[in-house]
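Our numbering numbers the first residue of the sequence shown as 400 and each following residue consecutively. Working notes for the structure below.
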Amino acid sequence: MIVEVELDDVFKSSTDEYTEIEFKMFLNEIKNKRIINEKQSYVLFAKYFNLNTDQEIAYELEISRQAVNKMHRLAIKNIREYLYSSKGVC
């Protein structure tokens, strides 16, 4: 049995894997530096990598959609402050 494989198929899957690894490494780094906490990391990964909605994340974490939104906003604020301060912008 012969299976046709397109070059795009090979590169797309490996690119997605590398993107996931890089995103997880970034989240771990900022978690270790206490810029975000474990739940905020989960929310960011679910929202930006898995493309889950706030409602879906809220259901998984058994919290309100508003709590997910607040966690997300605080995480982004903390990351933004960290990135600006580490580059000497602020």
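Heads up, the beta-carbon is just placed ideally off N, CA and C, and yes, glycines get one too.
Just to confirm before moving on: does the CB-CB distance between residue i and residue j stay below 8 Å?
| i | j | result |
| --- | --- | --- |
| Ile429 | Ile478 | yes |
| Leu473 | Lys438 | no |
| Ala349 | Ala445 | No information on residue 349 is available, as it lies outside the stretch 400 to 489 that the chain covers here. |
| Tyr483 | Ile434 | no |
| Asn468 | Asp453 | yes |
DSSP state of residue i, grouped into three classes?
| i | result |
| --- | --- |
| Leu426 | helix |
| Glu461 | coil |
| Ile420 | helix |
| Ile434 | coil |
Taking the alpha helix (DSSP H) that residue i belongs to, which residues open and close that run?
| i | result |
| --- | --- |
| Ile478 | Arg464 to Ser485 |
| Phe444 | Glu437 to Tyr447 |
Can you say whether residue i is buried or exposed, counting buried as having 16 or more other CB atoms within 10 angstroms of its CB?
| i | result |
| --- | --- |
| Met424 | exposed |
| Leu426 | buried |
| Ser440 | buried |
| Leu443 | buried |
Quick check: is any heavy atom of the ligand ZN less than 7 Å from the C-beta of residue i?
| i | result |
| --- | --- |
| Ile475 | Judged by which ligands are present, the structure shown has none, so any question about the ligand ZN falls away. |
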